[in-house]
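Peer 1:
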Amino acid sequence: MSQAIKVDSRFATPYDTARILGVSKSRTEALIKIAKRYTDRILKNQASGNSQSAVNGHTKRKSAATVVGKSSGRDAGTKISATRSKNRKAKG
Amino acid sequence: MPARKSPLHDQRTAKPRVEKADVFLNVPYDERFENLFLAYIAGISAFGFAPRATLEIPFSQRRLDRIVSLIASSQYSVHDMSRVELDRTAPRTPRFNMPFELGLTVGLGKQAWIVCETQRHRIKKSLSDLDGTDVYIHDGTVRGVFRELCNAFVRTRRQPSVVQMMQIYRILRSNCVGILRRAGAKDPFNARVFLDLCVLASAAADRLVIP
Numbered sequence: 001m002s003q004a005i006k007v008d009s010r011f012a013t014p015y016d017t018a019r020i021l022g023v024s025k026s027r028t029e030a031l032i033k034i035a036k037r038y039t040d041r042i043l044k045n046q047a048s049g050n051s052q053s054a055v056n057g058h059t060k061r062k063s064a065a066t067v068v069g070k071s072s073g074r075d076a077g078t079k080i081s082a083t084r085s086k087n088r089k090a091k092g
Numbered sequence: 093m094p095a096r097k098s099p100l101h102d103q104r105t106a107k108p109r110v111e112k113a114d115v116f117l118n119v120p121y122d123e124r125f126e127n128l129f130l131a132y133i134a135g136i137s138a139f140g141f142a143p144r145a146t147l148e149i150p151f152s153q154r155r156l157d158r159i160v161s162l163i164a165s166s167q168y169s170v171h172d173m174s175r176v177e178l179d180r181t182a183p184r185t186p187r188f189n190m191p192f193e194l195g196l197t198v199g200l201g202k203q204a205w206i207v208c209e210t211q212r213h214r215i216k217k218s219l220s221d222l223d224g225t226d227v228y229i230h231d232g233t234v235r236g237v238f239r240e241l242c243n244a245f246v247r248t249r250r251q252p253s254v255v256q257m258m259q260i261y262r263i264l265r266s267n268c269v270g271i272l273r274r275a276g277a278k279d280p281f282n283a284r285v286f287l288d289l290c291v292l293a294s295a296a297a298d299r300l301v302i303p
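And the structure:
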C-alpha cells in the first residue's frame, strides 16, 4: 500500500494561482467570472437535489404531454405564416 | 574549453524559494493525452495547488536551467510515464523528456514526487530503476487520474472528491474551445492556454471544494 502525501498548506485561491503563473488581473477576473457562472449552476443543482450534470447543460426532457399546446415551435411558426399568406392571397 | 556547470549544481547552491502550492506537472504533450492533461489540471487544482509545467517556458538556450528552476521551486511533482512507445512521426523516437525530468527531480533531492502510469507492471520494464517505488496506475482514464491523485495526496482540510474533480474537469472541457480560439492555438499544449486553464480550474475549485 502506497503512503499518501499529507498536505497541510493553504488552499490556493485563483488569485494565488494567477500570481504564481503570471496571469494578468483582467484575464483572471474574466476567468473567475466564467467559473462562477458554471459553479453557481452546479451548486444550485446540488442544493435542489438534482444529480444531473449542470455543466453539460443536460436537463430533463419534457414529456410529450408538457409540450402539447405550445405554439412556439418552428413548425408551428411555419404553419401560421403559411395560413397568413393563404389568407392574403384569398383577399387579393 | 571548460565544462559547463550543471544546472543541477547551480540549483543546489542557489536554492530558489519553494512555493508551497506549486505542483510540477510532467506529462506528455500529445494529442492523445489531451483529456488526461485536462484531468491533471483539474485534479491538481482541486487540491488547492497551482500546476506548473515546462509549457510555461519559452524555447531558448536557457531552457534546461529554467526547467530545473521550475522543479526546484515546486513543493510536489507528478510524473506521468505513460508515453514510452515510439511516436508516429518520423524519425520515430520514444519520449525521453518525462523520464529525464523525473531524473532531475530525484537528483534535486525532492521528496514529494509521484509517478503515474497507464499500464500496470510496464514501468518495471521501461524504468526498472524505480523498483520499490509505488506507481499510481490510472488506466488511461480521466476518472483513473482523479482516483490516483486522491490516493496520492491527502488534505487535512478541503479534501476534494472525485465528483468535484469531475465537475472542474467538465468546466475546463466546456471552455477549452473558447480558450483555444482566444489564444489562436490548436491544442492545449500551449503556454497561454495552459495558464488560462489553470486559473479557470483554480477558480472553480475554490468555489466547489468547500471546507
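Residue numbers (our numbering), protein chains in the order written: chain A, 1 to 92; chain B, 93 to 303. Yeah, the Cβ is synthetic: ideal placement off N, Cα and C, and Gly gets one too.
1) Pull up the distance between the alpha-carbon of B/Cys242 and that of B/Phe116, whole angstroms please.
2) Within a Cβ cutoff of 6 Å, which residues of the same chain sit near B/Thr197, ignoring the five residues on either side of it in sequence?
3) I'd like to know whether the C-beta of A/Ser9 is nearer than 9 Å to at least one C-beta of chain B.
4) For B/Arg175, which residues in the same chain have their Cβ closer than 6 Å to its Cβ, ignoring the five residues on either side in sequence?
5) For the beta strand (DSSP E) that contains B/Glu209, what are its first and last residues?
6) Counting contacts by CB-CB distance shorter than 9 Å, is A/Gly69 in contact with chain B?
7) Just how far apart, CA to CA, sit B/Arg239 and B/Asp226?
8) Using a Cβ cut-off of 9 Å, pull out every chain B residue sitting near A/Lys6, in sequence order please.
9) Counting only runs that start and end within the stretch 137-197 of chain B, where is the beta strand (DSSP E) found for 3 or more residues in a row?
10) Using a Cβ-Cβ cutoff of less than 8 Å, which residues in the same chain neighbour A/Ile32 once the five nearest sequence positions on both sides are dropped?
11) Give me the Cα-Cα distance between B/Asp221 and A/Ala4, rounded to the nearest whole angstrom.
12) How is B/Asp114 classed by DSSP in three states: helix, strand or coil?
13) Over the uninterrupted alpha helix (DSSP H) stretch that includes B/Phe286, give me the two end residues.
14) Whose CA, out of B/Phe192, B/Phe281, B/Met173, B/Ala283, lies closest to the CA of B/His230?
15) Quick one: does B/Ile263 have its CB under 9 Å from some CB of chain A?
16) Applying a beta-carbon distance threshold of less than 9 Å, which residues of chain A neighbour B/Asn127?
17) DSSP has B/Phe245 in a bridge; who is on the other side?
18) Indicate whether B/Ala283 and B/Pro150 have their beta-carbon atoms separated by less than 9 Å.
19) Select from B/Val234, B/Asp122, B/Arg212, B/His213 the residue whose C-alpha is nearest the C-alpha of B/Asn189.
Peer 2: The short version:
1) In a straight line, the C-alpha of B/Cys242 is about 17 Å away from that of B/Phe116.
2) Excluding residues up to 5 positions away in sequence, Ile163, Ser169, Trp205 lie with their Cβ nearer than 6 Å to the Cβ of B/Thr197 in the same chain.
3) Taking 9 Å as the threshold, the shortest C-beta distance from A/Ser9 to chain B falls below it.
4) Pro120, Arg187.
5) That run of the beta strand (DSSP E) goes 205-209.
6) Bear in mind that a pLDDT of 43 at A/Gly69, under 50, signals an unreliable position, so the number given afterwards is only what the model happens to contain. Judged by the 9 Å Cβ criterion, A/Gly69 is not in contact with chain B.
7) Straight-line measurement puts the Cα of B/Asp226 at about 15 Å from the Cα of B/Arg239.
8) Listed along chain B are Phe245, Val246, Arg247, Thr248, each with a C-beta nearer than 9 Å to that of A/Lys6.
9) For the stretch 137-197 of chain B, whole beta strand (DSSP E) runs of length 3 or above, ordered along the chain, are 142-144, 166-172.
10) Pro14, listed in sequence order.
11) Between B/Asp221 and A/Ala4, the C-alpha separation is close to 21 Å.
12) Three-state DSSP puts B/Asp114 in a strand.
13) Counting along the chain, B/Phe286 sits inside the alpha helix (DSSP H) bounded by residues 283-300.
14) Of B/Phe192, B/Phe281, B/Met173, B/Ala283, the smallest CA-CA separation from B/His230 is found for B/Met173.
15) Closer than 9 Å: yes.
16) Neighbours of B/Asn127 in chain A, taken as residues whose beta carbon is under 9 Å from its own, are absent, since the nearest beta carbon is some 15 Å off.
17) Residue pairing from DSSP places B/Phe245 in a beta bridge opposite A/Ile5.
18) B/Pro150 is positioned such that its CB atom lies closer than 9 Å to that of B/Ala283.
19) When each option's Cα is compared against that of B/Asn189, the closest is B/Asp122.
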